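Student:
Numbering (the numbering used here), first residue to last: 3 to 380.
In structure tokens:
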């Protein structure tokens, strides 16, 4: 795996400070389709609850504007600056995860939100921690000079599992899973053997997961409902069942944009985690294939950027950010198609969201900044 970052072949620069426009174009297409779908999926709910069908799409437009401003800034920041601030950024993310346990507020059963003083704005520190883990592990492997179990497994495991445990204490199981999978992806690509990872991390993950399920009845109930085919679809599996009805109603071609019926109080808050089901209903099987293909192309392009960078730190950052997008999109689609238990995972660039969208666009800016340093092998 170390050959991923170093080469003895002669390289030439891609060009002066040019971002990867293929990746950026794919991102713009997905964002455009996502914005259209937020408007379509949210219109009935927004009209009913806020007496304004444009309520969510107007807010999404504001978040997009803020996100693109931050993306532009992140593209311009030199990679050396990211390298220098990484330990501080990771430490701040850890501190925020501790603060949210005592001073955060809840939406549902999980206390995972922090409010920004003197503003109506709030954010989830766990969203920021995804980037924190990516940067810190990349920083660690960029400086690691020694081998052995301490340096290959234990130290990177501490970097990963300390924030993962803090996120789990928020009762944020989906966030914990995503943070863990992102970190494990980086650790594996950095050259750690899979057998060592299973032996070292497997017991920790299984123990933590078991303790969480035993002490949180709502999470256990979701798994029981998923495994039990006779679960009550009017209570335990309402949202999942209605989402499947939406997907099935789309057929091959779909009902057409804005023509979904399931978004009318059947799929709960359809602009959020289950927006993919409304997309499938309105665009059909072909639309589902199109969106999956777009995400796949985006991930493959991100992986290519990671491979073509000739330095460990930016290469692993690009890999980690790409892994986050791929993992989160894949898990969301598995959830809404009832292939795994419902854990509340948003679809990147599609689901309505404020801080999560802004942070995602900041990550895209960092990845595009990395792409400016890409050098292609002859």
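Every residue gets a Cβ at the ideal spot worked out from N, C-alpha and C, and that includes glycine. As the structure is a computational prediction, the values presented were derived from the model and not from experiment.
#1: Give the DSSP-derived three-state secondary structure of residue 195 in the structure shown.
#2: For the alpha helix (DSSP H) that contains residue 90, what are its first and last residues?
#3: Use the C-beta contact count for residue 148: other C-beta atoms within 10 angstroms, 16 or more gives buried, fewer gives exposed.
#4: Excluding the 5 residues preceding and the 5 following residue 89 in the sequence, name in chain order all residues of the same chain whose CB lies nearer than 8 Å to its CB.
#5: With distances taken Cα to Cα, identify the nearest neighbour of residue 71 among 364, 374, 371.
#6: Would you report the Cα separation of residue 334 and residue 175, rounded to the nearest angstrom?
#7: To which residues does DSSP link residue 116 through a beta bridge?
#8: Do residue 368 and residue 76 have their C-beta atoms closer together than 8 Å?
#9: Excluding five sequence neighbours on each side, which residues of the same chain lie with their C-beta closer than 7 Å to the C-beta of residue 5?
#10: Please name the residue in 66, 59, 271, 210 whose C-alpha comes closest to that of residue 2.
#11: Consult DSSP for residue 346 and reduce its assignment to one of helix, strand or coil.
#12: Among the residues of its own chain, which have a CB less than 7 Å from the CB of residue 242, if the five just before and after it don't count?
#13: Between 202, 239, 188, 185, which has its C-alpha nearest residue 152's C-alpha?
#14: Would you mind working out which of 372, 266, 355 sits nearest residue 45, comparing C-alpha positions?
#15: Rounding to the nearest angstrom, what Cα-Cα distance links residue 373 and residue 22 in this structure?
#16: For the structure I just gave you, are there three or more beta carbon pairs, one from the region 261-275 and one from the region 292-310, closer than 8 Å?
#17: Which of helix, strand or coil does DSSP assign to residue 273?
#18: In the structure shown, what three-state DSSP assignment does residue 229 receive?
#19: When the Cα of residue 131 is compared with those of 221, 59, 183, 212, which residue comes out closest?
#20: Is the beta carbon of residue 165 less than 8 Å from the beta carbon of residue 135?
#21: Among 326, 319, 305, which one has its Cα closest to the Cα of residue 25?
#22: For residue 327, is the classification buried or exposed, using 16 other Cβ atoms within 10 angstroms of its Cβ as the cut-off for buried?
#23: Relative to the C-alpha of residue 331, which candidate in 352, 287, 366 has its C-alpha closest?
#24: In the DSSP assignment, find the alpha helix (DSSP H) that holds residue 333 and state where it starts and stops.
#25: Short of 8 Å in beta carbon distance, which residues of its chain neighbour residue 342, apart from the five on each side in sequence? Order them along the chain.
#26: Terminal residues of the continuous alpha helix (DSSP H) containing residue 20?
#27: Between the region 246-263 and the region 199-216, do at least 3 Cβ pairs fall closer than 8 Å?
#28: Hey, how far is the Cα of residue 82 from the Cα of residue 100?
#29: Taking residue 308 as the reference, which of 79, 188, 156, 39 has the closest Cα?
#30: Report all residues from its chain with a CB closer than 8 Å to the CB of residue 207; omit the five preceding and five following residues, and keep chain order.
#31: If you follow the alpha helix (DSSP H) that residue 264 is in, where does it begin and where does it stop?
#32: Which runs of the alpha helix (DSSP H) fall wholly inside the region 136-193 and span at least 4 residues, in chain order?
#33: At which residues does the alpha helix (DSSP H) containing residue 417 begin and terminate?
Tutor: In short:
#1: Position 193 of the chain shown holds residue 195. Three-state DSSP puts residue 195 in coil, outside helix and strand.
#2: Taking the chain shown and counting its residues from 1, the one referred to as residue 90 is at position 88. Element bounds for residue 90: 81-105.
#3: Counted from its first residue, the chain shown places residue 148 at position 146. Exposed, by the Cβ-count rule.
#4: Taking the first residue of the chain shown as position 1, residue 89 is located at position 87. The residues are 138, 141.
#5: Stepping through the chain shown from its first residue, residue 71 is reached at position 69. Here the closest residue by C-alpha is 364.
#6: To locate residue 334, count along the chain shown from 1; it is residue 332. To locate residue 175, count along the chain shown from 1; it is residue 173. Rounded to whole angstroms, residue 334 to residue 175 spans 14 Å at the Cα level.
#7: Residue numbering aside, residue 116 sits at position 114 when the chain shown is read from its first letter. Bridge partners of residue 116: 125.
#8: The residue you call residue 368 lines up with position 366 of the chain shown. The residue you call residue 76 lines up with position 74 of the chain shown. Going by C-beta atoms, residue 368 is nearer than 8 Å to residue 76.
#9: The residue labelled residue 5 in the question sits at position 3 within the chain shown. Summary for residue 5: the model assigns pLDDT 44, below 50, so the residue's position carries little reliability, and this model does not support an answer.
#10: One cannot answer for residue 2 here, as it falls past the ends of the chain, which runs 3 to 380.
#11: Along the chain shown, one-based indexing puts residue 346 at 344. Coil, per DSSP.
#12: For the purposes of this step, residue 242 is identified with residue 240 of the chain shown, where counting begins at 1. Result list for residue 242: 340, 344, in chain order.
#13: On the chain shown, residue 152 is found 150 positions in, with the first residue counted as 1. Answer by Cα proximity: 202.
#14: Here residue 45 refers to the residue found at position 43 of the chain shown. The candidate whose alpha carbon is nearest that of residue 45 is 266.
#15: Reading the chain shown from its first residue, position 371 is the one you call residue 373. Reading the chain shown from its first residue, position 20 is the one you call residue 22. For residue 373 and residue 22, the distance between alpha carbons rounds to 6 Å.
#16: no
#17: Within the chain shown, residue 273 is the residue found at index 271, counting from 1. Coil, per DSSP.
#18: The residue given as residue 229 occupies position 227 in the chain shown. Three-state result, residue 229: helix.
#19: As a first step, residue 131 must be located in the chain shown, where it is residue number 129. Minimum Cα distance to residue 131 is reached at 183.
#20: What you label residue 165 is simply residue 163 of the chain shown in a count that begins at 1. What you label residue 135 is simply residue 133 of the chain shown in a count that begins at 1. Against a cut-off of 8 Å, the Cβ pair of residue 135 and residue 165 comes out as a contact.
#21: In the chain shown, counting from the first residue as 1, residue 25 sits at position 23. Ranking 326, 319, 305 by Cα distance to residue 25 puts 305 first.
#22: Taking the first residue of the chain shown as 1, we reach residue 327 at position 325. Buried, because 16 or more other Cβ atoms sit within 10 Å of the Cβ of residue 327.
#23: Here residue 331 refers to the residue found at position 329 of the chain shown. Out of 352, 287, 366, 352 has the C-alpha closest to the C-alpha of residue 331.
#24: By 1-based counting over the chain shown, the position of residue 333 is 331. Taken as a continuous stretch (DSSP letters only), the alpha helix (DSSP H) holding residue 333 covers 314-338.
#25: The sequence position of residue 342 within the chain shown is 340, counting from 1. Once the five neighbours on either side are set aside, the close Cβ partners of residue 342 are 228, 333, 336.
#26: Walking along the chain shown from the start, residue 20 turns up at place 18. Residue 20 -> no alpha helix (DSSP H), and no H or E assigned at all.
#27: no
#28: Residue mapping note: residue 82 aligns to position 80 of the chain shown, counting from 1. Residue mapping note: residue 100 aligns to position 98 of the chain shown, counting from 1. Approximately 28 Å between the Cα atoms of the pair.
#29: If you number the chain shown from 1, residue 308 lands on position 306. For residue 308, the nearest C-alpha among the options comes from 188.
#30: For the purposes of this step, residue 207 is identified with residue 205 of the chain shown, where counting begins at 1. Excluding sequence neighbours, residue 207 sits near 182.
#31: As a first step, residue 264 must be located in the chain shown, where it is residue number 262. Where residue 264 is concerned, there is no enclosing alpha helix (DSSP H), given that its DSSP letter is neither H nor E.
#32: 157-171, 175-191
#33: Any answer about residue 417 is impossible in this case: the structure gives the chain only from 3 up to 380.
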